[in-house]
Structures are given as structure tokens and as C-alpha cells.
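Trainee: Numbering (the working numbering), first residue to last: -14 to 316.
Beta carbons are placed, not taken as given, at the ideal position from N, Cα and C, and that holds for glycine.
Note that this is a predicted model, so its numbers are computed, not measured.
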């Protein structure tokens, strides 16, 4: 895939706060999000030991027998474990696919004690409140999972807000244009485990590890592994192509809320994860996917022309995302 469509940007240049570097980064981001909705980001400050440790802990859980995972089946807003057959991501865009070949462990912020509708602030970098996370029950077989997830989500929250400031600059807006709406944001961390073909058998026709779709929120931060049955990105220029991979980079894409916010100046990045390959039957992959939205009652209004190109009807952030989640969730 052409680097002009999916460029790599060095976030450390943004942090250095030199006007010339920031202007160039903003231009690169604007052009890339118009073409594909995707970026690779280095200089993000996430030491590889943390995602590596989290991936190892997650895989230990996923390798447990089904009856050991069953007590952690997600029942509180989908937080917790879900097995194969729980979702079909392609249905969000109207593509009827068989269930996705993925198991997940899903985490989100715990609501405030006095409200069922407004989530509490996500933990700050100095906050040790791992108990703020849902689900409430965590597997004792993997005692490190809770603390690793808490640490990772704190760092992702900071990084996501930094990316939103960069995106605001790319639109010529004040740096807090988006982050003024992330005081108490909705977010989700999903640990995706793609089991090997030798375990689950051959996929059905049209079945993927994750079916073709766009994400639903503002930005998604993906820490992934390369593989034959890995991520593909769709663009008008190239169709479906393998996503570029750099072990030092995070893969960033924007979702539907951001595309609507920009009046379709930017594309909600369409992507899929290929089925487990026939020529690599032992390949298993684990992805760490951080979905960032915004404050749940934020009204998403399209930016007007000349920035925006389509004037979408206003939507409420959480209601929109939930409507998409409902489409992909299987009974």
C-alpha cells in the first residue's frame, strides 16, 4: 500500500512544538485522512513492554477452556468475555456475513455511582483506580490482566486526546476543538484474539476474522501483529490492500463520528481482518483496539463548507455508536 495513502507520522515532532513541524504534520494528516482514514504513528511514547505484556496476559486467558471463561461472559454493557459467534462487524454497513472468527475481552469506564447514563472520567495517568473499569469480575487465572489493562487504558486516553488535538490542527481549528468534548468520554478497549485455523477449522464462505466495516467513534488506536490473516484497508484508489505494518508504529484510523463531524472531508477508514489462512494453520493473532468516542451527550454537527462537504443531520454521540453496536451484535 502506498505510503502516500497511509503515511507514517512521528508524534514526537508534534510534542516538540515547533511551528514548521506542526504545520507539516497537520497537512500530512489532513491529506491521509481524506484518502483512506488511516495513519501510522511513531514517537507515541508507549513502551513496547506494556502492549507485549498485555498481549501475553490476554492470550493466557483466551487459551483457557471454555468453561473457565464462561463466568466472565460480558453481561454489563458487553464488558467482559465474548466467544466466537458474538458479532458480525460487516452488518454495520449492511453486509451480511457469517459471525466473525474472533474472541474478545472488552473493557470500558465504570459509570458514576449516581448515574446510569454519564460515565465517570477515565482514570488520569496518576490515578491508580483500576476498580473504575468494567467488567467488575476478572479472571483469577490471569492476575496481571486487570492492572495491565488499567495502565494501558490510562495511556491510551492521554494519547487519544493528543491525537484529537493534532486532528483539530489539521482542520485549522483550535487545538481543543475536539477535546473540549472529552471531559467524560465513552471509550472501549477490546482485546481481540484470532484463533488459529487448526483450532476452529475452515471458515465459511464470506467469513472473516472481522468483517468489512468502519469504526463508529472518533479515533481508534490499534496495536496489532502482522500475519497472513491480518488487517486490510479499503481505498477508492487501490480497493482492498494489506495494511502497512511497522512494529514500532500504532495504526490510527478515524470512525464515523469523526467523518460526520468533518462533513465527510475525512473518510471513516473501511477495513477488515482476513480469515485464518489455509497455508498458516497455526497462526493466531492478538490485537489491542482502543475505541475513543467523546462525551456521551455531545451533538455531532458537520463542519460547514469549505471544510465540510456533506451536511449530515446532527446525531448524539453515544446514541449513534450504540445504534451501530446493536447492528453487529448477534443474539
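(1) Entirely within the segment 212 to 286 and at least 4 residues each: give me those alpha helix (DSSP H) ranges in chain order.
(2) Please return the same chain residues whose Cβ sits closer than 7 Å to the Cβ of residue 353, not counting the five positions on each side in sequence.
(3) Identify every residue that forms a DSSP beta bridge with residue 33.
(4) Leaving out five residues before and five after residue 28 in sequence, what residues of the same chain have Cβ atoms less than 6 Å from its Cβ?
(5) Between the Cα of residue 117 and those of 150, 134, 192, 239, spot the shortest distance and give me the residue it belongs to.
(6) Taking C-alpha atoms, which residue in 280, 238, 270 lies nearest to residue 18?
(7) Could you have a look at residue 88 and say whether DSSP puts it in helix, strand or coil?
(8) CA-CA distance, residue 91 and residue 285?
(9) Between the beta-carbon of residue 247 and the beta-carbon of residue 156, is there less than 8 Å?
(10) I'd like the span of the beta strand (DSSP E) that includes residue 179, first residue to last.
(11) Going by beta carbon distance, what residues of the same chain come within less than 8 Å of residue 13, once the five residues before and after it are set aside?
(12) Is there contact between the segment 44 to 52 and the segment 276 to 291, where contact requires at least three CB pairs shorter than 8 Å?
(13) Under DSSP, the alpha helix (DSSP H) around residue 206 begins and ends at which residues?
(14) Tell me which residues share the same chain as residue 212 and place their Cβ nearer than 6 Å to its Cβ, disregarding the 5 neighbours each side in the sequence.
(15) Ends of the alpha helix (DSSP H) at residue 131?
(16) May I ask which residues mark the beginning and end of the alpha helix (DSSP H) holding residue -7?
(17) Does DSSP put residue 66 in a helix, in a strand, or in coil?
(18) What residue range is occupied by the uninterrupted beta strand (DSSP E) comprising residue 198?
(19) Quick one: using the 10 Å Cβ neighbour count with 16 as the cut-off for buried, is residue 189 buried or exposed?
(20) DSSP three-state call for residue 186: helix, strand or coil?
(21) Do residue 203 and residue 277 count as a contact pair if the criterion is CB distance below 8 Å?
(22) Please report the Cβ distance between residue 262 and residue 214, rounded to the nearest whole angstrom; I am assuming they are in contact, meaning their Cβ atoms lie under 8 Å.
(23) So, using beta-carbon positions, are residue 201 and residue 241 closer together than 8 Å?
(24) Would residue 272 and residue 207 qualify as a contact pair, given that the criterion is a beta-carbon distance under 8 Å?
(25) Reducing DSSP to helix, strand and coil, say where residue 115 ends up.
Mentor: Inspection of the coordinates gives the following:
(1) You should have 241 to 246.
(2) Outside the displayed range of the chain (-14 to 316) lies residue 353, so it cannot be described from this structure.
(3) Residue 33 pairs with nothing; no bridge assigned.
(4) -5, -4, -3
(5) Nearest Cα to residue 117 within the set 150, 134, 192, 239: 134.
(6) Closest option to residue 18, Cα to Cα, is 238.
(7) strand
(8) 25 Å
(9) yes
(10) 172 to 179
(11) -8, -6
(12) no
(13) Per DSSP, residue 206 belongs to no alpha helix (DSSP H); it is in the beta strand (DSSP E), 204 to 208.
(14) Excluding positions up to five away in sequence, the list reads 268, 270.
(15) 130 to 155
(16) Here residue -7 belongs to no alpha helix (DSSP H); instead the beta strand (DSSP E) covers -7 to -5.
(17) strand
(18) 195 to 198
(19) exposed
(20) coil
(21) yes
(22) 5 Å
(23) yes
(24) yes
(25) Note that residue 115 scores a pLDDT of 41, beneath 50, so its modelled location is shaky and nothing firm can be said.
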